[in-house]
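Visitor: Once you've had a glance at the structure underneath, I'll fire off some questions.
Residue numbers (the working numbering): 1 to 259.
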């Protein structure tokens, strides 16, 4: 059993706040998370932020045992589990979801451009990419740790960890950018790679291993520790994006599908 650490808990809080606010503002009723993997964390719950506003949330290649977490917030009835042998050529109909997205997956995707095009095909409103932020001060240290330990870099093409590059790729696919920015901006640096190395050495599938997270219980009770509230208060302070990028663990880009 691997328990999510405080940094992952805060990440879920911040990402969830962004998804929730966007979902309410833009009347998002149907959500497709493709794939619904876990970024060295519990899979199948990154879309929790849509739990209250959406009517249907489809999780592709997730782990159905974590329906337990959706039950805690009273949203299990909204969840649909779908397995796709090839997410680059999925079985979903054209323009069948309001919001199609993934979390920390695009850099490792074997063909990011094909996935973007597939997401665009399925969406009738928005396509979104949330990615680990290469601008964070911890990112180069993480790269160095992989190099020094001899553990291969398994996190994919680092160009897709850069907000500007992702924006350009989405625009080249005919999508119109509506919002781009940073979330998960605490005072500590992003993973320096030491936990990453430990998990790599366990030699397990992160999407099938057992995970435990205290976050869903906090969300269900709407009771969050004071430290989370204080860190989020600092995160929401206005500051230049170049400064925010240094602190941000996750960047995001949301684009509109033109009719």
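All C-beta atoms, glycine included, are put in the ideal place defined by N, C-alpha and C.
#1: Can you check the stretch 63 to 144 for any beta strand (DSSP E) of at least 3 residues that lies completely inside it and give the ranges in chain order?
#2: What does the Cβ neighbour count give for residue 208, buried or exposed, with the cut at 16 atoms within 10 Å?
#3: Measuring only the C-alpha atoms, how far is residue 47 from residue 33?
#4: Can you tell me the Cα-Cα spacing of residue 161 and residue 247, whole angstroms?
#5: DSSP state of residue 59, grouped into three classes?
#6: Quick one: using the 10 Å Cβ neighbour count with 16 as the cut-off for buried, is residue 227 buried or exposed?
#7: Does residue 258 pass the burial test, meaning 16 or more other C-beta atoms within 10 Å, or should it be called exposed?
#8: Excluding the five sequence neighbours on either side, which residues of its own chain have a C-beta within less than 6 Å of the C-beta of residue 13, listed in chain order?
#9: Return yes when the Cβ of residue 167 is within less than 8 Å of the Cβ of residue 176, no when it is not.
#10: Could you please give the first and the last residue of the uninterrupted beta strand (DSSP E) stretch that includes residue 32?
#11: Counting along the chain, where does the alpha helix (DSSP H) carrying residue 220 start and finish?
#12: May I ask you to verify whether the stretch 121 to 131 touches the stretch 95 to 102, counting CB pairs closer than 8 Å and requiring at least 3?
#13: Count the other CB atoms, across all protein chains shown, that sit within 10 Å of the CB of residue 154; report buried if there are 16 or more and exposed otherwise.
#14: What is the residue span of the alpha helix (DSSP H) that residue 181 lies within?
#15: Here's the rule: buried if 16 or more other CB atoms are within 10 angstroms of the residue's CB, otherwise exposed. What is residue 76?
#16: Can you tell me the Cβ-Cβ gap for residue 31 and residue 54, rounded? I've got them flagged as a contact below 8 Å.
#17: Take residue 171 and list the residues in its own chain whose beta-carbon comes closer than 8 Å to its own, dropping the five residues that flank it on each side.
#18: If the criterion is Cβ atoms closer than 8 Å, does the pair residue 249 and residue 205 meet it?
#19: For the alpha helix (DSSP H) that residue 151 lies in, which residues bound it at each end?
#20: Smallest Cα separation from residue 149: which of 221, 198, 242?
#21: Do you know how far the Cα of residue 39 is from the Cα of residue 135?
#22: How many angstroms separate the CA atom of residue 144 from the CA atom of residue 107?
Guide: So, from the listed chains and residues:
#1: Restricting attention to beta strand (DSSP E) runs no shorter than 3 residues, the stretch 63 to 144 encloses them at 79 to 82, 97 to 103, 123 to 132, ordered along the chain.
#2: If you number the chain shown from 1, residue 208 lands on position 208. Exposed, by the Cβ-count rule.
#3: Within the chain shown, residue 47 is the residue found at index 47, counting from 1. Within the chain shown, residue 33 is the residue found at index 33, counting from 1. Residue 47 and residue 33: Cα-Cα distance of roughly 7 Å.
#4: As a first step, residue 161 is located in the chain shown; it is residue number 161 there, counting from the start. As a first step, residue 247 is located in the chain shown; it is residue number 247 there, counting from the start. One C-alpha to the other measures close to 14 Å.
#5: As a working mapping, residue 59 is identified with position 59 in the chain shown. In the three-state DSSP reduction, residue 59 falls in the strand class (E or B).
#6: Mapped onto the chain shown, residue 227 falls at position 227. By the 10 Å Cβ count, residue 227 comes out exposed.
#7: As a first step, residue 258 is located in the chain shown; it is residue number 258 there, counting from the start. Of the residues assessed, residue 258 falls on the exposed side of the cut-off, its CB having fewer than 16 other CB atoms within 10 angstroms.
#8: Reading the chain shown from its first residue, position 13 is the one you call residue 13. Closer than 6 Å at the Cβ level, and outside the excluded window around residue 13, lie 228.
#9: For this step, residue 176 is matched to residue 176 along the chain shown. For this step, residue 167 is matched to residue 167 along the chain shown. No. Outside cutoff.
#10: Stepping through the chain shown from its first residue, residue 32 is reached at position 32. Counting along the chain, residue 32 sits inside the beta strand (DSSP E) bounded by residues 30 to 33.
#11: Numbered from 1 along the chain shown, position 220 holds the residue referred to as residue 220. Annotation: the continuous alpha helix (DSSP H) that includes residue 220 extends over 215 to 221.
#12: They touch, by the three-pair rule.
#13: The residue given as residue 154 occupies position 154 in the chain shown. Residue 154 comes out exposed.
#14: Along the chain shown, one-based indexing puts residue 181 at 181. Note, residue 181: premise wrong, no alpha helix (DSSP H); beta strand (DSSP E) at 176 to 183.
#15: In the chain shown, counting from the first residue as 1, residue 76 sits at position 76. It is exposed - the Cβ of residue 76 has fewer than 16 other Cβ atoms within 10 Å.
#16: Within the chain shown, numbered from 1, the residue matching residue 31 stands at position 31. Within the chain shown, numbered from 1, the residue matching residue 54 stands at position 54. Yes, residue 31 and residue 54 are in contact; Cβ-Cβ is about 5 Å, under 8 Å.
#17: Numbered from 1 along the chain shown, position 171 holds the residue referred to as residue 171. Here the set comprises 177, 255.
#18: For the purposes of this step, residue 249 is taken as the residue at position 249 of the chain shown. For the purposes of this step, residue 205 is taken as the residue at position 205 of the chain shown. No, the Cβ-Cβ distance between residue 249 and residue 205 is not below 8 Å.
#19: Counted from its first residue, the chain shown places residue 151 at position 151. Careful: residue 151 lies outside any alpha helix (DSSP H) and carries neither H nor E.
#20: Counted from its first residue, the chain shown places residue 149 at position 149. Among 221, 198, 242, the Cα nearest to that of residue 149 is on 198.
#21: Translated into the one-based positions of the chain shown, residue 135 becomes position 135. Translated into the one-based positions of the chain shown, residue 39 becomes position 39. The alpha-carbon atoms of residue 135 and residue 39 are separated by roughly 18 Å.
#22: The residue given as residue 144 occupies position 144 in the chain shown. The residue given as residue 107 occupies position 107 in the chain shown. Their Cα atoms are separated by approximately 18 Å.
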